[in-house]
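For the sequence shown, my numbering gives the first residue as 4, with consecutive numbering after it.
Just so you know, even glycine gets a beta-carbon here, dropped at the ideal spot from N, CA and C.
These numbers come from a predicted model, not from an experiment.
Each remark here refers to the structure printed beneath this line.
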Amino acid sequence: MYWRTALVILAFLTLAITEMRVTGQTLDVCATCHPNATCEEKVDGTGKACNCMYGFVGNGRTYCQDKNECQIGANKICGQHTACHNTYGSYYCTCLAGYSPSNNMAIFIPNDGTRCQDINECRVQGICGEGGKCTNMQGYFNCLCQVGYQVHNGAEPFHPHQDKALCKAIDCGQPPSALNAVQLSATGTRYGSVATFGCSEGFFWKSGENSSVCGAESVWKGPSLVCEEVDCGLPPALPHSVMLWDQSTRIGSEVLYQCNSGYYNVGEGNVSVCTANGQWDKSALLCEEITCGDPPILPHTGQVWNGSTNPGSTVLFYCKGGFYREGGENISQCTRDGYWTKATLSCKEVDCGLPPALPNSVMLWNQSTRIGSEVLYQCNSGYYNVGEGNVSVCTANGQWDQTYFLCEAVTCGDPPILPHTGQVWNGSTNPGSTVLFYCKEGFYREGGGNISYCTENGFWTKATLSCKEIMCGDPPILPHTGQVWNGSTNPGSTVLFYCKEGFHRERGGDISQCTKDGYWTKATLSCKAIDCGQPPSALNAVQLSATGTRYGSVATFGCSEGFFWKSGENSSVCGAESVWKGPSLVCEEVYCGLPPALPHSVMLWNQSTRIGSEVLYQCNSGYYNVGEGNVSVCTANGQWDQTSFICEEIDCGEPVFISHAKMLWDRTSLIGSVVYYQCVEGYYSTSGKCYTECGENGLWEDIELQCEELNCGAPLTLPHTNMLWDNTTVLGSVIEYVCKDGFYQEGGNSLSTCTSSGQWGIVSIICKATCGPAPALVNTEVVLQNTSVVFHRCLEGFHSWRGRNTSVCDITGKWQAATMRCREIKPAISDLVVFNEKCLRWKADKYEEDTENYRGLSKVIP
Numbered sequence: 004m005y006w007r008t009a010l011v012i013l014a015f016l017t018l019a020i021t022e023m024r025v026t027g028q029t030l031d032v033c034a035t036c037h038p039n040a041t042c043e044e045k046v047d048g049t050g051k052a053c054n055c056m057y058g059f060v061g062n063g064r065t066y067c068q069d070k071n072e073c074q075i076g077a078n079k080i081c082g083q084h085t086a087c088h089n090t091y092g093s094y095y096c097t098c099l100a101g102y103s104p105s106n107n108m109a110i111f112i113p114n115d116g117t118r119c120q121d122i123n124e125c126r127v128q129g130i131c132g133e134g135g136k137c138t139n140m141q142g143y144f145n146c147l148c149q150v151g152y153q154v155h156n157g158a159e160p161f162h163p164h165q166d167k168a169l170c171k172a173i174d175c176g177q178p179p180s181a182l183n184a185v186q187l188s189a190t191g192t193r194y195g196s197v198a199t200f201g202c203s204e205g206f207f208w209k210s211g212e213n214s215s216v217c218g219a220e221s222v223w224k225g226p227s228l229v230c231e232e233v234d235c236g237l238p239p240a241l242p243h244s245v246m247l248w249d250q251s252t253r254i255g256s257e258v259l260y261q262c263n264s265g266y267y268n269v270g271e272g273n274v275s276v277c278t279a280n281g282q283w284d285k286s287a288l289l290c291e292e293i294t295c296g297d298p299p300i301l302p303h304t305g306q307v308w309n310g311s312t313n314p315g316s317t318v319l320f321y322c323k324g325g326f327y328r329e330g331g332e333n334i335s336q337c338t339r340d341g342y343w344t345k346a347t348l349s350c351k352e353v354d355c356g357l358p359p360a361l362p363n364s365v366m367l368w369n370q371s372t373r374i375g376s377e378v379l380y381q382c383n384s385g386y387y388n389v390g391e392g393n394v395s396v397c398t399a400n401g402q403w404d405q406t407y408f409l410c411e412a413v414t415c416g417d418p419p420i421l422p423h424t425g426q427v428w429n430g431s432t433n434p435g436s437t438v439l440f441y442c443k444e445g446f447y448r449e450g451g452g453n454i455s456y457c458t459e460n461g462f463w464t465k466a467t468l469s470c471k472e473i474m475c476g477d478p479p480i481l482p483h484t485g486q487v488w489n490g491s492t493n494p495g496s497t498v499l500f501y502c503k504e505g506f507h508r509e510r511g512g513d514i515s516q517c518t519k520d521g522y523w524t525k526a527t528l529s530c531k532a533i534d535c536g537q538p539p540s541a542l543n544a545v546q547l548s549a550t551g552t553r554y555g556s557v558a559t560f561g562c563s564e565g566f567f568w569k570s571g572e573n574s575s576v577c578g579a580e581s582v583w584k585g586p587s588l589v590c591e592e593v594y595c596g597l598p599p600a601l602p603h604s605v606m607l608w609n610q611s612t613r614i615g616s617e618v619l620y621q622c623n624s625g626y627y628n629v630g631e632g633n634v635s636v637c638t639a640n641g642q643w644d645q646t647s648f649i650c651e652e653i654d655c656g657e658p659v660f661i662s663h664a665k666m667l668w669d670r671t672s673l674i675g676s677v678v679y680y681q682c683v684e685g686y687y688s689t690s691g692k693c694y695t696e697c698g699e700n701g702l703w704e705d706i707e708l709q710c711e712e713l714n715c716g717a718p719l720t721l722p723h724t725n726m727l728w729d730n731t732t733v734l735g736s737v738i739e740y741v742c743k744d745g746f747y748q749e750g751g752n753s754l755s756t757c758t759s760s761g762q763w764g765i766v767s768i769i770c771k772a773t774c775g776p777a778p779a780l781v782n783t784e785v786v787l788q789n790t791s792v793v794f795h796r797c798l799e800g801f802h803s804w805r806g807r808n809t810s811v812c813d814i815t816g817k818w819q820a821a822t823m824r825c826r827e828i829k830p831a832i833s834d835l836v837v838f839n840e841k842c843l844r845w846k847a848d849k850y851e852e853d854t855e856n857y858r859g860l861s862k863v864i865p
């Protein structure tokens with residue numbers, strides 16, 4: 004023991020030897036303190052003592068060892084989502100991966116309220132790599148691949164910093180090929196890319212899709228197009244031609260056309276080729292028949308020809324009018340060479356010679372005798388033409404045509420006839436003869452000359468005698484009469500009078516005659532109006548109107564109220580016999596029949612269908628009237644009047660909103676629909692039923708549900724515990740129970756949480772009493788104490804001699820006291836003499852209980 008103490012002091016002296024020189028000095032207690040201890044005045048003022056610094060435990064002199072604060076657990080000392088790091092004499096906290104400190108410092112001590120909060124890694128652009136989609140989780144994040152990408156080297160979800168997985172764009176590679184088709188275009192090879200195909204040359208698209216799409220499985224889907232070989236079929240037959248052909252109908256095949264015998268090609272080509280569209284291209288071959296063209300023209304000839312210019316066709320030539328055939332061939336024929344044979348017809352002009360002379364006439368003529376020449380004949384003076392013409396023409400047969408010109412001596416003929424006149428005449432028509440005109444009986448001379456003379460030119464002079472007929476004018480008009488009259492007003496004309504419709508003959512004559520004096524004789528016919536009296540009545544009818552009681556008056560009737568016009572006439576007419584004819588109408592009582600059924604309603608009705616009967620409509624249960632009325636009345640027209648009664652299904656609309664509650668509802672709002680309410684998390688129902696039903700009145704039933712914030716109330720008080728608590732009692736509030744001083748937690752759960760049931764969670768903490776105050780040992784002090792163990796150390800100036808330095812509380816609640824004994828420290832050395840920095844001398848006394856023998860020692864400090 005002595006040597007151990009001496010070595011400690013020697014170590015201290017070695018550090019200070021270069022700065023001071025000591026001779027016979029007594030060692031200070033503070034010089035014996037451990038490097039991780041401080042020297043402090045004792046509370047009782049009896050001296051100084053060595054105490055381990057914060058973060059260390061020990062006796063302060065012989066040892067101060069590091070205190071591991073992290074051993075109680077990171078969650079308790081640093082908080083949630085943390086890691087605790089012990090350091091020599093202290094500790095610090097860091098946040099776990101996926102969390103960051105709220106003070107934004109890498110390390111922290113939690114006494115400033117710093118906590119670890121989740122890092123939203125998804126805010127980092129591209130954290131999941133190309134094609135990745137980030138999903139933030141509590142304390143970490145996951146990655147999924149977007150559409151068009153798939154995971155490689157792993158499975159979804161993945162973490163790019165922990166796994167080798169990554170998202171790679173889906174690539175289907177080169178698009179597939181299709182039978183008899185070529186690729187026209189491709190937008191790429193990645194997901195969603197589209198490749199378009201077309202049929203190869205010589206093939207056509209018959210069916211299927213012509214595109215292929217890169218799918219999510221990295222496989223091209225499609226194409227499904229079916230390309231069939233182009234087949235042009237039989238080439239078209241062209242008129243008047245034959246085909247030279249190898250029977251092939253594939254694309255590029257050719258057909259050679261040749262015109263039939265007697266035809267030649269007037270087009271530009273004679274080949275047709277099978278094209279890619281499956282059609283033979285149109286050949287320009289056009290075979291036209293060989294023709295001789297129009298036949299030749301011969302002088303002074305015409306042609307008899309059917310218009311055909313084909314070989315074998317014939318033209319007959321003839322001499323035109325005014326010419327005659329002198330000789331030669333008059334037929335020309337179309338040969339196979341396309342030429343007309345020569346016709347030699349010769350035609351010579353016609354000459355009629357001198358025209359014939361006609362009796363009692365002279366000729367006016369230009370001396371021409373050719374065909375078409377004319378001769379004009381005129382009668383000699385005293386003669387006139389009684390024929391039909393006075394011209395003769397030279398005709399094609401070389402003869403002057405026959406004229407019917409005939410000159411006879413002039414006569415005036417019969418004198419003219421004047422209207423309503425007679426003649427005094429001797430019958431002579433020679434020039435100078437006279438005719439005397441006079442007015443016939445019934446006519447009188449109004450004016451003008453009455454003599455006509457026959458002149459030398461064969462015309463009678465004009466007589467202007469005007470005779471006007473003697474007339475009575477219009478016959479007289481008698482009241483209420485009509486006339487039977489041919490319209491003549493000449494003497495002898497007669498008018499028959501008759502009573503008009505609606506009147507009858509009372510007396511008097513009914514004839515009037517036109518006399519030679521120009522007057523009508525007097526007719527005395529008297530006509531009186533017909534009157535039928537009051538109109539008759541009709542069964543179940545009423546008179547609506549009457550135009551009077553005279554002939555032709557009309558009385559109109561209508562069916563009485565409650566009756567309808569079934570048949571017959573509804574009018575009565577006053578007739579010529581002074582009797583009303585009609586009415587014949589038949590009025591039957593009105594019945595409306597069964598009233599119409601209206602949707603979603605019932606009828607309240609006494610089964611009467613007579614006019615004025617009523618039907619009351621009521622909506623079925625679950626429906627209500629949105630119209631304006633609910634009554635239909637049987638009207639006079641035999642129809643139930645239209646009611647605006649409309650039954651619509653009752654709809655309660657949106658349910659009532661209740662604070663702090665959510666609805667369990669199928670979105671129906673018809674009668675009988677039910678909405679259940681449930682208080683949201685953190686709230687509970689205090690009263691009333693928790694559902695409402697849509698009623699027949701279209702309203703949701705009143706609901707008295709009230710959701711109050713869940714409150715667990717005052718927490719349980721557990722024996723021997725204190726509560727660490729923020730005094731909140733709402734859902735999720737947490738209380739930590741800790742054992743009071745003098746007690747320690749033996750086991751059980753120490754946390755209680757306010758649950759959704761409104762109760763605090765069960766706490767099973769067990770606090771057992773400690774053994775009381777730590778046992779006092781002579782010349783010792785307690786340096787560390789928990790619920791069951793006390794560490795003792797000797798007071799300053801004392802040292803541990805024997806025994807253990809720990810007191811343990813046993814299961815009986817009694818201390819098993821430490822056995823350490825502390826003795827006063829005697830100077831370890833005395834009479835210290837320092838000769839130089841490498842040589843010193845001292846004395847050391849031993850304790851009486853030491854069994855070792857010690858002697859003075861001189862030692863050179865190296």
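- Cβ neighbours of Thr527 within its own chain (closer than 7 Å, five residues either side excluded): Gly511, Gly512.
- The Cβ atoms of Thr199 and Gln177 do not sit closer than 9 Å to each other.
- If you ignore the 5 residues before and after Glu133, its C-beta comes within less than 6 Å of no other C-beta in its own chain.
- DSSP, read as helix, strand or coil, puts Ile75 in helix.
- Within the DSSP secondary-structure output, Trp343 pairs in a beta bridge with Cys337.
- Between the segment 214-232 and the segment 182-196, the count of Cβ pairs shorter than 8 Å is three or higher; the stretches touch.
- The segment 478-492 and the segment 441-456 do not touch, with fewer than three beta-carbon pairs separated by less than 8 Å.
- Counting other Cβ atoms within 10 Å of its Cβ, Tyr407 stays below 16 and is therefore classed as exposed.
- Within the same chain, and ignoring the five residues on either side of Cys350 in sequence, the residues whose Cβ sits closer than 8 Å to its Cβ are Leu301, Pro302, His303, Thr304, Cys322, Lys323, Phe326, Tyr327, Arg328, Glu329.
- Residues Pro113, Arg118 of the same chain have their beta carbon placed closer than 6 Å to that of Gly82, with the five preceding and five following residues left out of the count.
- Contact check between the segment 809-818 and the segment 60-78: fewer than three CB pairs, one atom from each, fall below 8 Å, which does not count as touching.
- Taking each of Gln381, Ser311, Lys584 in turn and checking the Cα distance to Tyr342, the smallest one comes out for Ser311.
- Judged by DSSP secondary structure, Ile738 falls within the beta strand (DSSP E) whose first and last residues are 737-742.
- The C-beta distance from Glu739 to Leu727 rounds to 4 Å, short enough to fall under 8 Å.
- In this chain, the beta strand (DSSP E) harbouring Glu257 covers 257-262.
- Under the three-pair Cβ rule at 8 Å, the segment 643-661 counts as touching the segment 684-699.
- Looking from the CA of Lys743, the closest CA among Leu721, Ser264, Cys337, Cys475 belongs to Leu721.
- Per DSSP, Ser214 is one residue of the beta strand (DSSP E) stretching across 214-217.
- Annotation: the segment 50-118 contains the following complete segments of the beta strand (DSSP E) (minimum length 3 residues), in chain order: 51-55, 59-61, 67-69, 85-90, 93-98, 102-104.
- In its chain, beyond the 5 residues on either side, Cys355, Thr372, Arg373, Ile374, Gly375, Ser376, Trp403 have a beta carbon closer than 7 Å to the beta carbon of Cys397.
- Taking one beta carbon from each stretch, the segment 747-763 and the segment 777-786 have fewer than 3 pairs nearer than 8 Å; the two do not touch.
- The continuous beta strand (DSSP E) containing Gln621 extends over residues 617-622.
- In this structure, DSSP gives Glu124 a helical state, which the three-state scheme calls helix.
- Just measuring C-alpha positions, the residue of Ser215, Thr773, Ser624 sitting nearest Tyr747 is Thr773.
- Between the alpha carbons of Val677 and Thr695 lies a distance of about 6 Å.
- Taking C-beta atoms as the reference points, Val683 and Ala664 count as a pair closer than 9 Å.
- When the alpha-carbon of Gly451 is set against those of Gln681, Lys465, Cys457, Ser469, the nearest one is in Ser469.
- The three-state reading of DSSP puts Cys137 in strand, counting E and B together.
- Per DSSP, Lys443 is not a residue of any beta strand (DSSP E), being assigned neither H nor E.
- Counting only unbroken stretches of 3 or more residues, the beta strand (DSSP E) elements lying wholly within the segment 632-718 are 634-636, 650-652, 664-667, 677-682, 686-690, 694-696, 709-712, in sequence order.
- The continuous stretches of beta strand (DSSP E) do not include Met823, and DSSP gives it neither H nor E.
- Distance check between Arg613 and each of Asn623, Tyr594, Pro602, Cys622 places Tyr594 closest, using alpha-carbon atoms only.
- Taking a cut-off of 8 Å for Cβ pairs, the segment 575-586 and the segment 532-549 touch, as three or more such pairs fall below it.
- For Val792, the three-state secondary structure derived from DSSP is strand.
- Here Lys51 is not near Glu827, since their CB atoms are 9 Å or more apart.
- Here the alpha carbon of Gln381 sits roughly 43 Å from the alpha carbon of Arg448.
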